[in-house]
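Here the structure is laid out as structure tokens; the discussion comes afterwards.
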Amino acid sequence: MTEEYSAQWHDEPTDYAQIGKLPRFEAASANDDKLSAVSSSLNITAAAADPELLDLPWHIALEDWPAENLAALPRGISRHIVRFAHLGHSVIAIKETSEHVARHEYHMLRKLARLDVPCVEPVAVITGRTTLDGRPLNPVLVTRHLKFSMPYRALFSQMLRKDTLTRLIDAQALLMVRLHLIGFYWGDVSLSNTLFRRDAGAFAAYLVDAETGELYPDLSTGQREYDLEIARVNIAGELMDLLDGGLIEEKVDPVATSELIMDSYRRLWAELTEKESFELGERWRVGARIRRLNELGFDVEEYAIKTTQNGSTIQLQPKVVDAGHHQRRLLRLTGLDAQENQARRLLNDMDTFRADNNPDMDEEYSAHLWVSQVFEPIVRSIPRDLSGKLEPAEAVHEVLEHRWYMSEKQERHIPLAEAVMTYIDSILRHRRDEAAIMLNPDTGLLKILEVETEESRYGDEESIDEYPDVDD
2 MTEEYSAQWH DEPTDYAQIG KLPRFEAASA NDDKLSAVSS SLNITAAAAD
52 PELLDLPWHI ALEDWPAENL AALPRGISRH IVRFAHLGHS VIAIKETSEH
102 VARHEYHMLR KLARLDVPCV EPVAVITGRT TLDGRPLNPV LVTRHLKFSM
152 PYRALFSQML RKDTLTRLID AQALLMVRLH LIGFYWGDVS LSNTLFRRDA
202 GAFAAYLVDA ETGELYPDLS TGQREYDLEI ARVNIAGELM DLLDGGLIEE
252 KVDPVATSEL IMDSYRRLWA ELTEKESFEL GERWRVGARI RRLNELGFDV
302 EEYAIKTTQN GSTIQLQPKV VDAGHHQRRL LRLTGLDAQE NQARRLLNDM
352 DTFRADNNPD MDEEYSAHLW VSQVFEPIVR SIPRDLSGKL EPAEAVHEVL
402 EHRWYMSEKQ ERHIPLAEAV MTYIDSILRH RRDEAAIMLN PDTGLLKILE
452 VETEESRYGD EESIDEYPDV DD
């Protein structure tokens with residue numbers, strides 16, 4: 002980059018007490034007449050200086066960027082121009098917008114990340130862009146691409162099945178509940194503004210667009226219901242679009258299906274926040290309620306029990322809930338960082354491993370043995386050319402599920418090594434690379450991105466010799 006286009010780095014805003022939108026006067030629009038037509042340098046606001054950002058052609062309008070800078074990942078629908086680009090060993094998403102919107106969204110994403118909400122990672126806001134002849138260009142927001150994630154349109158091949166739609170909507174509802182619990186009003190809920198990652202047969206949803214969002218101490222019922230109504234209308238429209246394109250079954254009713262998010266959301270919200278009354282002799286229901294919350298992926302950090310005046314009943318209401326119960330337990334025991342459903346599945350196998358081998362063994366020591374004798378051997382057994390197919394936790398989950406299906410079908414104990422080898426040959430080898438960067442994919446390619454039928458996932462397998470790197 003020439004001296005003329007050197008950069009000025011600025012630290013991220015540190016006004017963490019700021020709850021809602023940034024004041025308008027803090028960031029002018031890129032088209033503001035008061036701005037000079039020629040800028041001598043880029044202005045980069047970021048949490049940390051990343052010199053590789055300077056290697057990108059910021060003097061060129063984003064829609065005209067050369068192909069050698071782009072990583073052509075499947076994109077969702079957006080009102081803005083969005084491109085994916087290589088940045089060192091990672092991929093970033095770049096969105097052209099106004100300066101105020103870029104700074105507000107950056108500000109919101111930083112806050113959501115600190116609150117441990119599933120969302121994309123903000124990298125920088127870049128302003129002061131000009132062409133080589135001095136014409137001003139729009140500012141951009143830079144976020145890091147979420148590895149192994151895809152927009153909903155890229156998840157499936159020729160037909161989006163009804164049960165898969167339900168799982169997507171459930172993931173979207175859970176994301177909305179988590180956002181509303183911390184006081185975040187989204188304002189533009191849709192499948193297009195969400196990225197999805199596989200999570201042990203289900204999906205985990207991540208917020209990808211926060212430009213209309215605002216953070217409050219608490220949300221009113223009206224704010225939550227309005228966000229829910231926006232979700233219902235937007236998702237119905239997206240499903241109609243998929244139906245017109247022949248990407249979902251004709252029997253699927255887009256309006257009725259979109260209304261499932263209302264039911265899923267309200268079920269989750271009630272389980273997490275509603276009071277519950279029961280007789281004194283039914284105190285076991287306190288533990289039952291907490292276990293149900295854990296199954297939903299939430300911890301109960303505090304709860305209130307209030308005895309009524311006649312002393313015959315107890316009212317229970319969880320006060321502070323936080324997502325990630327199984328994630329945190331897995332991380333504490335093994336150091337493995339996985340999605341919530343993946344963590345639940347791995348923990349189940351870990352607990353079974355302990356019960357089968359030494360039920361009196363210390364939990365942490367047993368977890369260490371499970372990692373060294375089950376998790377790591379499975380990951381090491383995957384050939385290098387197939388390692389980009391799935392992230393390790395998802396691959397281990399699928400091996401364990403595959404082993405269970407084999408055992409049920411053949412009515413015998415299946416050694417782990419045998420399950421690994423048949424899984425690699427019959428399933429993994431035929432999967433697309435979910436970590437791969439696809440260069441210039443056409444519509445046809447995007448339509449064949451994913452999803453096998455149950456028949457292809459668990460067809461006939463042949464027994465093989467014990468694989469030397471994996472224990473039974």
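Sequential numbering of the sequence shown, starting at 2, is according to the numbering used here. Cβ atoms here follow ideal geometry from the backbone N, Cα and C, with glycine treated the same way.
Are residue i and residue j close, meaning C-beta to C-beta below 9 Å?
{"i": "residue 144", "j": "residue 110", "result": "yes"}
{"i": "residue 184", "j": "residue 219", "result": "yes"}
{"i": "residue 249", "j": "residue 240", "result": "yes"}
{"i": "residue 153", "j": "residue 197", "result": "yes"}
{"i": "residue 87", "j": "residue 98", "result": "no"}
{"i": "residue 237", "j": "residue 120", "result": "no"}
{"i": "residue 363", "j": "residue 401", "result": "no"}
{"i": "residue 63", "j": "residue 8", "result": "no"}
{"i": "residue 270", "j": "residue 146", "result": "no"}
{"i": "residue 131", "j": "residue 137", "result": "yes"}
{"i": "residue 195", "j": "residue 203", "result": "no"}
{"i": "residue 177", "j": "residue 116", "result": "no"}
{"i": "residue 398", "j": "residue 423", "result": "no"}
{"i": "residue 286", "j": "residue 277", "result": "yes"}
Just curious, the alpha helix (DSSP H) that residue i is in, first and last residue?
{"i": "residue 406", "result": "393 to 411"}
{"i": "residue 421", "result": "417 to 427"}
{"i": "residue 365", "result": "364 to 371"}
{"i": "residue 195", "result": "Counting along the chain, residue 195 falls outside any alpha helix (DSSP H), though it belongs to the beta strand (DSSP E) covering 195 to 200."}
{"i": "residue 229", "result": "222 to 245"}
So which of the options has the shortest CA-CA distance to residue i?
{"i": "residue 72", "options": "373, 414, 84 and 64", "result": "84"}
{"i": "residue 428", "options": "411, 208 and 407", "result": "407"}
{"i": "residue 263", "options": "245, 175, 419 and 388", "result": "175"}
{"i": "residue 133", "options": "384, 169, 209 and 42", "result": "42"}
{"i": "residue 135", "options": "90, 59, 209 and 122", "result": "59"}
{"i": "residue 260", "options": "404, 171 and 426", "result": "171"}
{"i": "residue 392", "options": "173, 148 and 403", "result": "148"}
{"i": "residue 258", "options": "173, 102, 116 and 325", "result": "173"}
{"i": "residue 365", "options": "333, 344 and 224", "result": "333"}
{"i": "residue 337", "options": "275, 394, 385 and 415", "result": "394"}
{"i": "residue 291", "options": "280, 283 and 273", "result": "273"}
{"i": "residue 103", "options": "94, 91 and 126", "result": "126"}
{"i": "residue 432", "options": "409, 386, 325 and 419", "result": "386"}
I'd like the list of long-range same chain contacts for residue i, defined as Cβ closer than 7 Å, with 5 residues on each side in sequence excluded.
{"i": "residue 348", "result": "327, 330 and 331"}
{"i": "residue 369", "result": "none"}
{"i": "residue 335", "result": "368 and 372"}
{"i": "residue 129", "result": "40, 42, 43 and 44"}
{"i": "residue 190", "result": "177, 228, 231, 232 and 235"}
Start and end of the beta strand (DSSP E) containing residue i?
{"i": "residue 123", "result": "122 to 128"}
{"i": "residue 95", "result": "91 to 97"}
{"i": "residue 153", "result": "Per DSSP, residue 153 belongs to no beta strand (DSSP E) and is neither H nor E."}
{"i": "residue 387", "result": "Taken as a continuous stretch (DSSP letters only), residue 387 belongs to no beta strand (DSSP E), as it is neither H nor E."}
{"i": "residue 87", "result": "83 to 88"}
{"i": "residue 278", "result": "277 to 280"}
Since residue i and residue j should fall inside the 8 Å C-beta cutoff, what is the C-beta to C-beta distance between them, to a whole number of angstroms?
{"i": "residue 169", "j": "residue 142", "result": "Their Cβ separation, rounded to whole angstroms, is 25 Å, which puts residue 169 and residue 142 out of contact at 8 Å."}
{"i": "residue 57", "j": "residue 70", "result": "6 Å"}
{"i": "residue 367", "j": "residue 381", "result": "Contact flag wrong, Cβ pair sits at about 21 Å."}
{"i": "residue 342", "j": "residue 200", "result": "4 Å"}
{"i": "residue 118", "j": "residue 179", "result": "6 Å"}
{"i": "residue 140", "j": "residue 100", "result": "4 Å"}
Once you ignore the five residues that flank residue i on each side, which residues in its own chain have a CB closer than 8 Å to its CB?
{"i": "residue 437", "result": "With a pLDDT of 48 at residue 437, under the threshold of 50, the predicted position of this residue should be treated as unreliable, and no value is reported."}
{"i": "residue 244", "result": "251, 253 and 255"}
{"i": "residue 358", "result": "367 and 370"}
{"i": "residue 396", "result": "379, 380, 383, 390 and 429"}
Considering only residues of the same chain and omitting the five flanking positions on each side of residue i, which have a CB-CB separation below 6 Å?
{"i": "residue 10", "result": "45 and 50"}
{"i": "residue 352", "result": "none"}
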